[in-house]
Amino acid sequence: MLLPEGVVIDTITGTVSPSTSSYVKRVSELRGIYRDAAALDDFVSCNGDVVAYEVIDYRKPESDLAFGTTIMSPGKIGDEYFMTRGHFHVRRDCVELYYTQVGHGTLLLESRDGEVRTVDMKPGVCAFIPPDWAHRSVNTGAGKLIFVWVCAADAGHEYGGILERGMRRFVVERDGRAELVPHPKYPA
Ligand code: PAN
Ligand code: ZN
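Under our numbering, think of the first position of the sequence shown as 134, with each following residue one higher.
And the structure:
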């Protein structure tokens, strides 16, 4: 039987206690998502293969909801900010919520038919991610970006399409500010 439990999400570090699993993504594992592969190699030779982000889960067998945190380091590969891989959910009927706790970022969203939207990520903002919109978090701040996510436990992640063709916008730094730039394959 599932029992009630108070799960502590540290308001500063984003750690989840107790948690059920976690993983990290290092810069070198994210090679395919950045447009400038040489900049990625330069980054790794200067800074080492640092952790770009960590995902911590709380999910219980038999529960239809899962939640957890994503803890993103600040950084840039060339002019592109550190970002997550980005994905659709395998289940096309599932909503997801992202509640930003720490830092600043851009949540980049894309529908199956190519509509693009963004939501500012800053403390207190709960982003509503509708069913069947791809989502990628981009850390545009100088410090960590930490958010709590909640979704259906069996939503599933579909990474392939985004990895192969990219999202329709890049989020880059221009004159010290985050700017959206169209992917050359998909002019705005
Ligand atoms: C999040 C993401 C997490 C990492 O938990 O999975 O932020 O992003 P990628 O999975 O795109 O690398 C979520 O959206 N779950 O559905
Ligand atoms: Zn998701």
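The beta-carbon is built from N, C-alpha and C at its ideal position, and this holds for glycine as well. A quick note: this is a predicted structure, and the numbers were derived from the prediction, not measured.
Indicate the three-state DSSP secondary structure (helix, strand or coil) for residue i in the structure shown.
{"i": "Phe215", "result": "coil"}
{"i": "Asp253", "result": "strand"}
{"i": "Val305", "result": "strand"}
{"i": "Glu138", "result": "coil"}
{"i": "Gly340", "result": "In the structure as shown, the chain begins at 134 and stops at 321. Residue 340 is therefore absent and cannot be evaluated."}
{"i": "Arg164", "result": "helix"}
{"i": "Ile295", "result": "helix"}
{"i": "Ser150", "result": "strand"}
{"i": "Ala267", "result": "strand"}
{"i": "His222", "result": "strand"}
{"i": "Val283", "result": "strand"}
{"i": "Ile145", "result": "coil"}
{"i": "Ala288", "result": "coil"}
{"i": "Gly208", "result": "coil"}
Using C-beta distances below 6 Å, list every residue in its chain close to residue i, excluding the 5 sequence neighbours before and after it, in chain order.
{"i": "Ile189", "result": "Val149, Ser152, Ser155, Gly201, Thr202"}
{"i": "Val252", "result": "Leu240, Ala260"}
{"i": "Val249", "result": "Glu243, Arg301, Arg302"}
{"i": "Val314", "result": "Phe303, Val305"}
Check each candidate in the options and name the one with the smallest Cα separation from residue i.
{"i": "Asp246", "options": "Trp266, Ile145, Ala170", "result": "Trp266"}
{"i": "Gly211", "options": "Val314, Val305, Ile279", "result": "Val305"}
{"i": "Pro137", "options": "Val281, Pro264, Ser178, Lys193", "result": "Lys193"}
{"i": "Gly299", "options": "Ile204, Ala311, Leu135, Asp169", "result": "Asp169"}
{"i": "Lys277", "options": "Cys179, Asp226, Met254", "result": "Met254"}
{"i": "Tyr186", "options": "Val314, Asp226, Ile204, Ile279", "result": "Ile204"}
{"i": "Gly208", "options": "Tyr231, Glu195, Leu230, Asp182", "result": "Asp182"}
{"i": "Cys227", "options": "Ile262, Asp308, Val140, Gly257", "result": "Ile262"}
{"i": "Val184", "options": "Ser206, Glu229, Ser196", "result": "Ser206"}
{"i": "Val281", "options": "Met134, Glu229, Thr273, Asp175", "result": "Glu229"}
{"i": "Arg310", "options": "Thr273, Lys158, Lys318, Gly289", "result": "Thr273"}
{"i": "Leu135", "options": "Ile279, Arg269, Glu195, His268", "result": "Glu195"}
{"i": "Arg269", "options": "Tyr231, Asp175, Lys318, Gly289", "result": "Tyr231"}
Starting from residue i, follow the alpha helix (DSSP H) in both directions and report where the run begins and ends.
{"i": "Arg245", "result": "No alpha helix (DSSP H) contains Arg245, which DSSP labels as neither H nor E."}
{"i": "Val177", "result": "170-180"}
State the start and end residues of the unbroken beta strand (DSSP E) segment that holds residue i.
{"i": "Ser155", "result": "154-159"}
{"i": "Glu187", "result": "184-191"}
{"i": "Met205", "result": "198-205"}
{"i": "Tyr319", "result": "Per DSSP, Tyr319 belongs to no beta strand (DSSP E) and is neither H nor E."}
{"i": "Val235", "result": "229-235"}
{"i": "Pro315", "result": "310-315"}
Tell me which same chain residues have a C-beta within less than 7 Å of the C-beta of residue i, skipping the five on either side of it?
{"i": "Lys198", "result": "First, the amino acid is wrong: residue 198 is Leu here, not Lys. The residues are Val283, Ala285, Ala286."}
{"i": "Leu173", "result": "Val160, Arg164, Tyr167, Ile210"}
{"i": "Val271", "result": "Tyr214, Met216, Gly238, Thr239, Leu241, Val304"}
{"i": "Val177", "result": "Val160, Ser161"}
{"i": "Arg225", "result": "Pro264, Asp265"}
{"i": "Ala275", "result": "Pro207"}
{"i": "Glu312", "result": "Val305"}
When you compare the segment 217-235 with the segment 292-299, are there three or more beta-carbon pairs, one atom per stretch, that lie closer than 8 Å? yes
Decide if the segment 229-240 is in contact with the segment 135-149; the criterion is three or more beta carbon pairs, one per stretch, under 8 Å apart. Touching, yes, given that three or more Cβ pairs across the two stretches are closer than 8 Å.
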